[in-house]
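Participant:
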């Protein structure tokens, strides 16, 4: 028997089903996702210091578990699941009612605050806080992940462990309720 | 003038609401100072973990010596066996070397049972049977140069060492599920190779 001939480029008999693999390093992913996680948590907890502490915890956990992350899955869903679990742990420990009527995102000592927009932003955020507070827990989870965490429906479903159809339904009902609240506010 | 239907009015108010939510999102500030500080902290932790990985604990030295002695003996025996098999090729149908046209910059690894091999050719990793027929491509993330590829003792996994711009990345690939996981990444100067431990764990070699 002679030597085996060298395989040609054309004789592929199998192609992997899914080719999208997350190829970025942890630091690249951190740069991309920090803003989304920080903003999401700042919408969920009653003051920005807690939100910033939670953001720190999320990324420390993410670094610790990064070797376990399967790069064929969505990094957004993975990191937001960590954020969601961290937020739930925080609520349990603090026994805090999410989005209560306490101080929220005050401008004190916040170096990142833009002075020219502060007043308007504060009013808008207080209003948002008030309106989100009138939704159910599930509606808040879905709407904040979807519109403040900027996740897709399937990613929200993955984070919350629900089906896409139930996320769509919760989202639709939540938006409808928010819409009614805005209309009510407008009339007043 | 045409009046809007209730559905059209509903669509309009929902789209206004979505625009409003987007505006709300944009006014929630992000703590940029925390972003910078935390990044430094995380990078510091990554470096610390790297260092700890390569520090041998004093109480494990004796155990490791025995382990190493055993492993070196087994490796030498296997090497000898491999050469004997190659020399007596008339009775072996697992011989795959030499292969025509293999370039010096291409890397190949033989599965433990000798029935398959992987080849890295122009950044593409492919799995072949012993007849030289390509079975499938193996997707390894990253754009670095693959400098080493190793079958696990079971033949079900691969360890891949990749280097790019001063960074070394080690990937772990399951040949059964096709899953790829990042095993380690860090400074290039730290890792010179890979091996599989007797417990089936990937071990970077300093």
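Chains as they are written, first to last, in this note's numbering: chain A, 1 to 188; chain B, 1001 to 1206.
Ideal Cβ placement from N, Cα and C applies to all residues, glycine included.
I'd like to know whether the C-beta of residue 45 (chain A) is nearer than 9 Å to at least one C-beta of chain B.
Facilitator: Along the first chain, one-based indexing puts residue 45 (chain A) at 45. Closer than 9 Å: no.
Participant: Per DSSP, what kind of secondary structure is residue 134 (chain A) in: helix, strand or coil?
Facilitator: Position 134 of the first chain, counting from 1, holds the residue named residue 134 (chain A). Three-state DSSP puts residue 134 (chain A) in coil, outside helix and strand.
Participant: Find out if the Cβ-Cβ distance for the pair residue 23 (chain A), residue 71 (chain A) is shorter than 9 Å.
Facilitator: Counted from its first residue, the first chain places residue 23 (chain A) at position 23. Counted from its first residue, the first chain places residue 71 (chain A) at position 71. Going by C-beta atoms, residue 23 (chain A) is nearer than 9 Å to residue 71 (chain A).
Participant: Could you check how far apart the C-beta atoms of residue 1205 (chain B) and residue 1150 (chain B) are, in whole angstroms? I think they sit under 8 Å.
Facilitator: Within the second chain, numbered from 1, the residue matching residue 1205 (chain B) stands at position 205. Within the second chain, numbered from 1, the residue matching residue 1150 (chain B) stands at position 150. No, residue 1205 (chain B) and residue 1150 (chain B) are not in contact; Cβ-Cβ is about 11 Å, not under 8 Å.
Participant: Please classify residue 1029 (chain B) as buried or exposed, where buried requires at least 16 other C-beta atoms within 10 Å of its C-beta.
Facilitator: Taking the first residue of the second chain as position 1, residue 1029 (chain B) is located at position 29. So residue 1029 (chain B) counts as buried.
Participant: For residue 67 (chain A), go through chain B and note every residue whose CB falls closer than 8 Å to its CB, in chain order.
Facilitator: The residue you call residue 67 (chain A) lines up with position 67 of the first chain. Residues of chain B passing the Cβ test: 1181, 1182, 1183 and 1184.
Participant: Give the DSSP bridge partners of residue 1180 (chain B), in chain order.
Facilitator: In the second chain, counting from the first residue as 1, residue 1180 (chain B) sits at position 180. Answer is B:1173.
Participant: Going by Cα to Cα distance, which pick from B:1171, B:1134 and B:1139 is closest to residue 1115 (chain B)?
Facilitator: For the purposes of this step, residue 1115 (chain B) is taken as residue 115 along the second chain, with counting starting at 1. Comparing Cα-Cα distances from residue 1115 (chain B) to each of B:1171, B:1134 and B:1139, the minimum goes to B:1134.
Participant: 9 Å is my cut-off, CB to CB: does residue 74 (chain A) come that close to chain B?
Facilitator: The residue given as residue 74 (chain A) occupies position 74 in the first chain. So no, residue 74 (chain A) is outside the interface.
Participant: Please state the DSSP three-state secondary structure of residue 38 (chain A).
Facilitator: The count along the first chain starts at 1 and reaches residue 38 (chain A) at position 38. Of the three classes helix, strand and coil, the one that applies to residue 38 (chain A) here is helix, per DSSP.
Participant: Under the rule that 16 or more other beta-carbon atoms within 10 Å means buried, what is residue 1073 (chain B), buried or exposed?
Facilitator: Counted from its first residue, the second chain places residue 1073 (chain B) at position 73. Its Cβ having fewer than 16 others within 10 Å, residue 1073 (chain B) is exposed.
Participant: Check whether the Cβ atoms of residue 56 (chain A) and residue 1038 (chain B) lie closer than 9 Å to each other.
Facilitator: Locating residue 56 (chain A) in the first chain gives position 56, counting from the first residue. Locating residue 1038 (chain B) in the second chain gives position 38, counting from the first residue. The answer is yes: Cβ separation under 9 Å.
Participant: With a threshold of 16 other CB atoms inside 10 Å of the CB of residue 1047 (chain B), please say whether the residue is buried or exposed.
Facilitator: Counted from its first residue, the second chain places residue 1047 (chain B) at position 47. So residue 1047 (chain B) ends up on the exposed side.
Participant: So, residue 1170 (chain B) versus residue 1178 (chain B), is the Cβ gap smaller than 9 Å?
Facilitator: Taking the first residue of the second chain as position 1, residue 1170 (chain B) is located at position 170. Taking the first residue of the second chain as position 1, residue 1178 (chain B) is located at position 178. No. Outside cutoff.
Participant: I'd like the list of long-range same chain contacts for residue 138 (chain A), defined as Cβ closer than 7 Å, with 5 residues on each side in sequence excluded.
Facilitator: Residue mapping note: residue 138 (chain A) aligns to position 138 of the first chain, counting from 1. These residues qualify, in order along the chain: 170.
Participant: Pick out whichever of B:1014, B:1110 and B:1033 has its Cα sitting closest to the Cα of residue 1131 (chain B).
Facilitator: Here residue 1131 (chain B) refers to the residue found at position 131 when the second chain is read from its first residue. Nearest C-alpha to residue 1131 (chain B): B:1110.
Participant: If you measure from the beta carbon of residue 1203 (chain B) to each beta carbon in chain A, is any gap under 9 Å?
Facilitator: Against the second chain, residue 1203 (chain B) aligns to sequence position 203. No, its Cβ sits nowhere closer than 9 Å to a Cβ of chain A.
Participant: For residue 151 (chain A), report the span of its alpha helix (DSSP H) as first-last.
Facilitator: Your numbering for residue 151 (chain A) matches position 151 in the first chain. Counting along the chain, residue 151 (chain A) falls outside any alpha helix (DSSP H), and DSSP gives it neither H nor E.
Participant: Taking all protein chains shown into account, decide if residue 52 (chain A) is buried (16 or more other Cβ within 10 angstroms of its Cβ) or exposed.
Facilitator: For the purposes of this step, residue 52 (chain A) is taken as the residue at position 52 of the first chain. Flag for residue 52 (chain A) reads buried.
Participant: Using a beta-carbon distance cut-off of less than 7 Å, what residues from the stretch 146-161 of chain A approach chain B?
Facilitator: Those residues of the stretch 146-161 of chain A that come within reach of chain B (Cβ to Cβ, closer than 7 Å) are 147 and 148.
Participant: Grab me the residues of residue 1016 (chain B)'s own chain with a C-beta within less than 8 Å of its C-beta, minus the 5 sequence neighbours each way, in chain order.
Facilitator: Start at 1 with the first residue of the second chain, and residue 1016 (chain B) comes out as number 16. Excluding sequence neighbours, residue 1016 (chain B) sits near nothing in its chain.
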